[in-house]
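S.K.: The structure is given below, and queries will be raised subsequently.
Number of protein chains: 2
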Amino acid sequence: MKNKALQEQRIRGYFIEATKEILKSEGLKSVSVRNIAEKAGYSFATLYNYFKDAKDLVFLCVQDFQEECNVYVTTRTAKAARGEKKLRAILLAWLEYFVQYPGIFELFFMEKLSDLNKQPDTAPMITGFLDKLCEGEWKYLIAHKTVSSAVAANKKAALLYGLSGLLLLYINRQTPSGYPAFLKAANTFIDSQLKEITT
Amino acid sequence: MKNKALQEQRIRGYFIEATKEILKSEGLKSVSVRNIAEKAGYSFATLYNYFKDAKDLVFLCVQDFQEECNVYVTTRTAKAARGEKKLRAILLAWLEYFVQYPGIFELFFMEKLSDLNKQPDTAPMITGFLDKLCEGEWKYLIAHKTVSSAVAANKKAALLYGLSGLLLLYINRQTPSGYPAFLKAANTFIDSQLKEITT
DNA sequence: TTTGAAATTTGAACAGTGTTCATTATTTTT
DNA sequence: AAAAATAATGAACACTGTTCAAATTTCAAA
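Taken in sequence, the protein lines are chains A and B.
Counting the first sequence from 1 gives a position; this note's numbering is that position plus 475.
Counting the second sequence from 1 gives a position; this note's numbering is that position plus 475.
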C-alpha cells in the first residue's frame, strides 16, 4: 500500500509550504514550531512526527527556494547576449532575488546548520548554487577563449565571496545605504572582477 | 556627587565584561539576560536598570572588540614592510581574528541591529573598521603613486565585501573546508584584488 | 457492521527564553 | 535614629522547544 507514503508526503508538504510562507514574509525570526504547525493546520506536536525539529524543516526549504531563484534568474536573463553580458545579468538577478527576500538570504547564509545535517549536504548545495547558475556562461567564455579555466575559477570564487559579503552588509548593516547605492556598489564590484574579460 | 556616576559606570562595566566573556567563549547563542547577570553577579532584573535589553549590551561590546582586534592586528603586522606587504598582513590578521572568535564575527556581521540603535552609529562603525585598519597603508600607497585614490576606493570596497563573504561562508558553511583551504582562498582572493598594485 | 488493534494526532507538562513591576533591601539625607 | 530616595530582586506572564502519555482516528478482520 503506497497510499501511506503518498499521504505522508502530502502532510510533509503542508508543513514545508507553511514554513516557506513564513520565511518569505516574516523571515527566520518568526519561524517557530507552533507558528508553522498552525499555518499547516496541525498541532505543534504533530510536526515532530514528520520532522526532527523546525531546523530540519527549514533547511528542506532550501531546494525549493533555489528552484524559485533559478526560475527568477533564468526568466530575467533569457534575452541577454551570451557571455559576459549574460553573466552580469545573472549575478544582478541573483542579488535582486535575495534583496527581495532577505529571509531567504538569512536561511541560505546565516542560519546555523544543525550538527548532523541533511542527507543532501546542504552547505555545498548553497555555496555551489551561484556557480551552478553561472556555469553555462563560464563554459561559454572558456570555450570562446575569453578566459582560461584557471582564471575563471578564481573569478567565480571572488564573485561568490564579494557578492555574498555585499548582500550581508547591505541586508544586515545598511551598507551601502539605499538600494541605488547598493546597485552601484554591486556593478562597480562586478566591473572590477570582470574587467579583463570585457571583449 | 560624581560617586554615583562612577559606581554606575562600574556596574555597567561588570555587565559588559560578562557579556564579552560569553561572546568570546560560547558565542551569541549563549548570551541571555539571566546568563549575563549571573556572570556579572547580579539578578537578571538588575540588568534592566542599566541597559535597555541584552541586545543593547551586546552592541556595546563592539567598541571593545574592535580595540582588541586593532591591537591583535597591529602587533602582528608591526614588522611588515610598509605598503602592499603590510596591507596584506593586516587583511590576513583581520581574518585570523574572526576565525579565532567566530562569536565576534557573528556579533559584527550577523546579529540584527535593534530598530533604534545606539548613539554611536554601530553599523558604520563595523563596516568602516577594516578601512580604518588599512587606512595608513592605503594612504602610503596613494602618496607613493602606486595607486590612484579612485582605484584604491574600489579596491577597499572589493576587499571588504570579498573578505566578509569569505568569512561568512567559512564560518557558517564550512566553505572552504578546513583552515588551510580557507587561507589559500583568502590569499588567492587578496592576490587577485591587489595584483595591479604589486610594484 | 462491529470489534479491536495499530497508527496518528494531540495537549499537558517541563525547561528554557525576555520583560515588567510591585516588593524588598540598601543607601543617603535629614 | 528616622525618613526619604535609590537600587536590587524575584514573582509573574508570555513566549520559545521538546517529550510523552492519553485521546482519537484509521482500517482490517470477524
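Glycine included, each C-beta is placed from N, C-alpha and C at the ideal position.
Because the structure is a prediction, the values reported are computed rather than measured.
1) Residues of the segment 639 to 668 of chain B in Cβ contact with chain A at a cutoff of 7 Å, in chain order, please.
2) Listing by chain order, which chain A residues have their CB less than 7 Å from the CB of residue 601 of chain B?
3) For chain B, check one thing: does any of its Cβ atoms lie closer than 9 Å to the Cβ of residue 636 of chain A?
4) Let's test the definition: count the other Cβ atoms within 10 Å of the Cβ of residue 546 of chain A and tell me whether it reaches 16, buried, or not, exposed.
5) Among A/559, A/627, A/524, which residue has its Cα nearest to the Cα of residue 484 of chain A?
6) What residues in its chain sit with their C-beta under 8 Å from that of residue 539 of chain A, if we drop five residues either side in the sequence?
7) Measure how close the beta-carbons of residue 637 of chain B and residue 653 of chain A come, nearest whole angstrom, since I'm counting them as under 8 Å.
8) Beta carbons nearer than 7 Å to chain A: which residues of the segment 525 to 549 of chain B have them?
9) Strictly under 9 Å for the Cβ-Cβ distance: is residue 629 of chain B near chain A by that measure?
10) So residue 582 of chain A packs on residue 544 of chain A, CB below 8 Å; how close in whole Å?
11) Verify the CB distance criterion: does residue 586 of chain A have a CB-CB separation below 9 Å to chain B?
12) Quick one: which unbroken alpha helix (DSSP H) runs of 4-plus residues sit fully inside the segment 479 to 547 of chain B? Chain order, please.
13) Determine the closest residue to residue 646 of chain A out of B/505, B/647, B/641, B/588, with distance taken between C-alpha atoms.
14) Who are the neighbours of residue 598 of chain A on chain B, taking C-beta pairs under 8 Å?
15) List the residues of chain B whose Cβ lies closer than 9 Å to the Cβ of residue 633 of chain A, in chain order.
16) According to DSSP, simplified to helix, strand and coil, what is residue 554 of chain A?
17) Let me know the secondary structure DSSP gives residue 622 of chain B once reduced to three states.
18) Consult DSSP for residue 668 of chain A and reduce its assignment to one of helix, strand or coil.
19) Output yes or no for whether 9 Å exceeds the beta carbon distance between residue 506 of chain A and residue 529 of chain A.
20) Tell me which residue opens and which closes the alpha helix (DSSP H) that residue 600 of chain B is part of.
21) Check each candidate in B/603, B/612, B/570, B/671 and name the one with the smallest Cα separation from residue 659 of chain B.
22) Skipping 5 residues on each side, what residues in its chain have a beta carbon closer than 8 Å to that of residue 630 of chain B?
23) Would DSSP call residue 639 of chain A helix, strand or coil?
24) If you drop the 5 nearest sequence neighbours on each side, which residues of the same chain put their C-beta closer than 6 Å to that of residue 493 of chain B?
25) Given a threshold of 16 other Cβ atoms within 10 Å of its Cβ, counted over all protein chains shown, does residue 518 of chain A qualify as buried or as exposed?
26) Is it buried or exposed, residue 550 of chain B, if we count other Cβ atoms within 10 angstroms and call 16 or more buried?
27) Pick helix, strand or coil for residue 654 of chain B, following the three-state DSSP scheme.
28) With a threshold of 9 Å between beta-carbons, can residue 620 of chain A be considered close to chain B, or not?
29) If you reduce the DSSP assignment to three classes, tell me which class residue 561 of chain A lands in.
30) Please report the Cβ distance between residue 656 of chain B and residue 641 of chain B, rounded to the nearest whole angstrom; I am assuming they are in contact, meaning their Cβ atoms lie under 8 Å.
31) Hey, how far is the Cα of residue 649 of chain B from the Cα of residue 598 of chain A?
32) Thinking C-beta only, is residue 565 of chain A closer than 9 Å to residue 499 of chain A?
33) Can you check whether the C-beta of residue 499 of chain A is within less than 9 Å of a C-beta belonging to chain B?
34) To the nearest angstrom, how far is it from the Cα of residue 482 of chain B to the Cα of residue 526 of chain B?
35) Give the straight-line distance between the Cα atoms of residue 633 of chain A and residue 664 of chain B, rounded to the nearest whole angstrom.
36) Less than 9 Å between CB atoms is the rule here; does residue 504 of chain B satisfy it with respect to chain A?
M.R.: Let's see:
1) 639, 640, 641, 643, 644, 647, 648, 649, 650, 660, 663, 664, 667
2) Within chain A, the C-beta atoms nearer than 7 Å to that of residue 601 of chain B come from 648, in chain order.
3) Interface residue, yes.
4) By the Cβ-count criterion, residue 546 of chain A is exposed, with fewer than 16 other Cβ atoms from all chains shown falling within 10 Å of its own Cβ.
5) A check of alpha carbon separations from residue 484 of chain A across A/559, A/627, A/524 identifies A/524 as the nearest.
6) Beyond the five residues adjoining it in sequence on each side, residue 539 of chain A comes within less than 8 Å, by CB distance, of 491, 495 in the same chain, given in chain order.
7) With a Cβ gap of about 22 Å, residue 637 of chain B and residue 653 of chain A do not count as contacting.
8) none
9) Chain A contact via Cβ: present.
10) Between residue 544 of chain A and residue 582 of chain A the Cβ distance is about 12 Å, and since that is not below 8 Å, they are no contact.
11) yes
12) 508 to 515, 519 to 525
13) Ranked by how close their Cα comes to the Cα of residue 646 of chain A, the residues B/505, B/647, B/641, B/588 have B/588 in first place.
14) 648, 649, 650
15) Within chain B, the residues whose beta carbon sits less than 9 Å from that of residue 633 of chain A are 633, 637, 663, 664, 667, 668, listed in sequence order.
16) Coil at residue 554 of chain A, not helix or strand.
17) DSSP, reduced to helix, strand and coil, places residue 622 of chain B outside both helices and strands of the structure shown, so it counts as coil.
18) helix
19) yes
20) First-last of the alpha helix (DSSP H) with residue 600 of chain B: 597 to 602.
21) B/570
22) 622, 668, 669, 672
23) Helix, per DSSP.
24) 511, 514, 515
25) exposed
26) exposed
27) Residue 654 of chain B: helix per DSSP, three-state reduction.
28) no
29) helix
30) About 11 Å; that fails the 8 Å criterion.
31) 7 Å
32) For residue 499 of chain A and residue 565 of chain A, no; Cβs fall outside 9 Å.
33) no
34) Cα to Cα, residue 482 of chain B sits roughly 15 Å from residue 526 of chain B.
35) 6 Å
36) yes
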